[in-house]
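Count along the sequence shown starting at 1, add 31, and that's the number in the working numbering.
For each residue, glycine too, the CB sits at the ideal point set by N, CA and C.
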Amino acid sequence: MAEEDDIISTLPDAILCHILSFLHTKQSFATTILSKRWKNLYLSLPVLHFKAAITDQTAYVRFINFVYSALLSRDPAFPIKTFYLDFTFHNHEILSPHSPVEIITKWVKFVTQRGVEYIDLYAELEDGAFGFTELPISSLSCNTLVVLNLLCFSLEEAFSPIALPSLKTLHLENVSFPKLRDFMLFLSGCPILEDLFIFNVLFDSEESLTCDEWKTFCLTNLTRADIDCFRNHFPLKAVHNVVSLRLPIDQVNCRSDFIPTFHNLTQLELVYLNYSWHFLLQVLKLSPKLQELKIDQAGLNKDFWTRKDDKENWVDPDSVPQCLSLHLRTCILFNFLGLQGELLLAKYILKNARVLQTMKIRNVGQTNIKRLISSYPRDSTMCKVTIYQRSKVSSSSSVLAAI
32 MAEEDDIIST LPDAILCHIL SFLHTKQSFA TTILSKRWKN LYLSLPVLHF
82 KAAITDQTAY VRFINFVYSA LLSRDPAFPI KTFYLDFTFH NHEILSPHSP
132 VEIITKWVKF VTQRGVEYID LYAELEDGAF GFTELPISSL SCNTLVVLNL
182 LCFSLEEAFS PIALPSLKTL HLENVSFPKL RDFMLFLSGC PILEDLFIFN
232 VLFDSEESLT CDEWKTFCLT NLTRADIDCF RNHFPLKAVH NVVSLRLPID
282 QVNCRSDFIP TFHNLTQLEL VYLNYSWHFL LQVLKLSPKL QELKIDQAGL
332 NKDFWTRKDD KENWVDPDSV PQCLSLHLRT CILFNFLGLQ GELLLAKYIL
382 KNARVLQTMK IRNVGQTNIK RLISSYPRDS TMCKVTIYQR SKVSSSSSVL
432 AAI
């Protein structure tokens with residue numbers, strides 16, 4: 032029987048590079064022993080993906096040398112489109128004398144000068160000896176970068192303004208800035224940003240939000256924002272053009288002067304609402320095109336599951352918000368205890384939402400809300416109400432009723 036053809040070797044270089052791009056760089060490097068053709072492919076891969084969990088100094092030095100070798104041996108004619116770095120180290124003592132701050136900064140600067148479009152960085156020390164890995168803000172400036180994901184970094188003042196003229200997606204999780212001003216200047220360097228996710232973004236010093244620069248600043252191209260700055264202020268004016276917004280709030284942010292008019296907002300999720308009815312009504316009033324509303328009452332306070340009242344009384348507004356009378360189609364209420372204010376909210380929405388199609392209630396409280404909800408008048412003939420009974424301990428849930 033004749034030897035079968037090597038089908039893979041007959042594929043064009045572009046397809047082989049695409050296949051290798053799904054591997055970690057260490058794995059794709061191993062293909063260089065196959066033939067000269069495979070060695071050349073490795074040098075032109077558009078994706079570099081480095082991942083390591085360092086437990087001793089020898090492994091640390093070996094990993095650093097490998098990354099440097101992979102970067103410096105590349106064919107300069109081929110840009111680096113994607114750069115992943117997933118880097119955990121278990122003991123800060125193994126890092127000496129090679130500082131991860133200087134090394135990672137050099138790597139980032141290298142790829143930003145070679146047409147990179149996607150950067151995903153994660154570097155964390157797991158023994159808790161010190162905080163986030165430091166990274167100069169200015170090292171991230173790049174004309175070609177489209178997506179930037181940062182996890183567990185402290186962005187340090189350099190200070191020349193950052194420039195990210197092509198950035199469309201920004202994901203910041205467990206990231207700290209020296210000041211709120213540095214964070215705002217970072218955002219101002221992203222003029223065409225479309226998608227923003229921030230979780231636990233911290234500032235070393237507090238600043239007032241009354242400065243004129245915070246009042247007027249706006250990310251004009253932004254369409255989606257997921258903002259979880261539970262411990263800090265965030266100027267919502269900067270994201271008032273969004274179509275989709277997820278917003279965990281706290282008592283500090285429950286102020287009517289904190290909320291801008293969301294002219295384009297159609298999808299809204301409020302987390303940790305904690306029965307702040309006045310805040311909710313102001314948001315509805317200032318979101319005239321809202322079509323989908325999700326509300327999660329559960330706050331971080333430990334007494335949520337045992338509370339007996341709403342504290343803040345529900346009061347029907349003098350006029351019905353435009354979004355309720357014209358646009359709201361879906362309403363989902365999570366962690367529903369069946370308290371007086373929650374019931375009045377559900378009743379108010381059913382009574383005034385003319386085009387409502389779906390109301391879902393994830394009930395974790397009293398079990399007789401089917402009878403209560405079914406008695407409420409509905410302005411929409413299309414509306415279907417579904418109630419789920421969910422255990423406070425288990426994540427499992429079952430449909431209690433569709434009425």
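- Leu375 and Trp345 have their C-alpha atoms spaced approximately 7 Å apart.
- With distances taken between CA atoms, Asp410 lies nearest to Lys382 out of Gln388, Lys382, Thr398.
- Counting only the Cα atoms, Ala194 lies some 10 Å from Ile168.
- In the DSSP annotation of this structure, the continuous segment of the beta strand (DSSP E) that includes Thr113 starts and ends at 113-120.
- Judged by DSSP in its simplified three-state form, Glu343 adopts coil rather than helix or strand.
- The shortest C-alpha to C-alpha distance from Arg277 to any of Phe265, Val302, Arg360, Ala83 is the one to Val302.
- Taken through DSSP and simplified to helix, strand or coil, Val273 comes out as coil.
- For Thr254 against Ser275, the beta-carbon gap comes to about 7 Å, under 8 Å, which counts as contact.
- Every alpha helix (DSSP H) stretch that sits fully inside the region 378-424 and reaches 4 residues is listed by chain position as 400-405.
- Across the structure, Ala384 and Leu359 are spaced so that their CA atoms are roughly 6 Å apart.
- Beta-bridge partners of Lys325 (DSSP): Glu300, Ile363.
- DSSP lists no bridge partner for Phe141.
- Residue pairing from DSSP places Thr164 in a beta bridge opposite Phe184.
- Its Cα nearest to that of His80, the residue Tyr99 stands out among Tyr99, Glu373, Thr89.
- CA-to-CA, the gap between Tyr91 and Leu102 works out to about 17 Å.
- The bridge partners DSSP lists for Ser207 are Ser185, Leu233.
- About 5 Å separates the CB atoms of Cys221 and Leu198; that is less than 8 Å, so the two are in contact.
- Note on Leu166: 16 or more other CB atoms within 10 angstroms of its CB, so buried under the neighbour-count rule.
- Straight across, the Cα-Cα distance linking Phe114 with Lys137 is about 13 Å.
- If the five residues before and after Thr251 are omitted, its C-beta is found closer than 7 Å to the C-beta atoms of Asn272, all from its own chain and listed in chain order.
- The residues Leu116, Phe118, Leu152, Ala154, Thr164, Leu166, in chain order, have a CB closer than 8 Å to that of Ile135 in the same chain once the five nearest residues on each side in sequence are set aside.
- Short of 7 Å from the beta carbon of Gln353, and not among the five residues preceding or following it, lie these beta carbons of its own chain, in chain order: Pro319.
- Counting only residues of its own chain and dropping the five nearest sequence neighbours on each side, Leu364 has a CB closer than 6 Å to the CB of Ile326, Ile392.
- If you check the CB distance, Val416 and Met390 come in under 7 Å.
- Around the beta carbon of Asp106, fewer than 16 other beta carbons lie within 10 angstroms, which makes this residue exposed.
- In this structure, Gln322 and Thr297 form a Cβ contact; the two beta carbons are roughly 5 Å apart against a cut-off of 8 Å.
- Val178 has Tyr149, Thr200 as its beta-bridge partners, per DSSP.
- A check of alpha carbon separations from Pro279 across Lys268, His294, Asn305 identifies Asn305 as the nearest.
- Cβ contact annotation for Ser356 (same chain, cutoff 7 Å, sequence separation greater than five): Asn383, Arg385, in chain order.
- One alpha carbon belongs to Ser104, the other to Ile111, and they sit about 12 Å apart.
- Glu133 carries a helical assignment under DSSP once its states are collapsed to helix, strand and coil.
- Counting only residues of its own chain and dropping the five nearest sequence neighbours on each side, Glu300 has a CB closer than 6 Å to the CB of Arg277, Lys325.
- Partner residues in the beta bridge of Val78, as assigned by DSSP, are Thr113.
- With a cutoff of 7 Å on beta-carbon distance, Phe234 and Lys268 are scored as not near each other.
- Secondary structure at Ala194: coil, using DSSP grouped into helix, strand and coil.
- Taking the Cα of Glu148 as reference, the smallest distance to any Cα among Thr86, Thr412, Asn180 is reached at Asn180.
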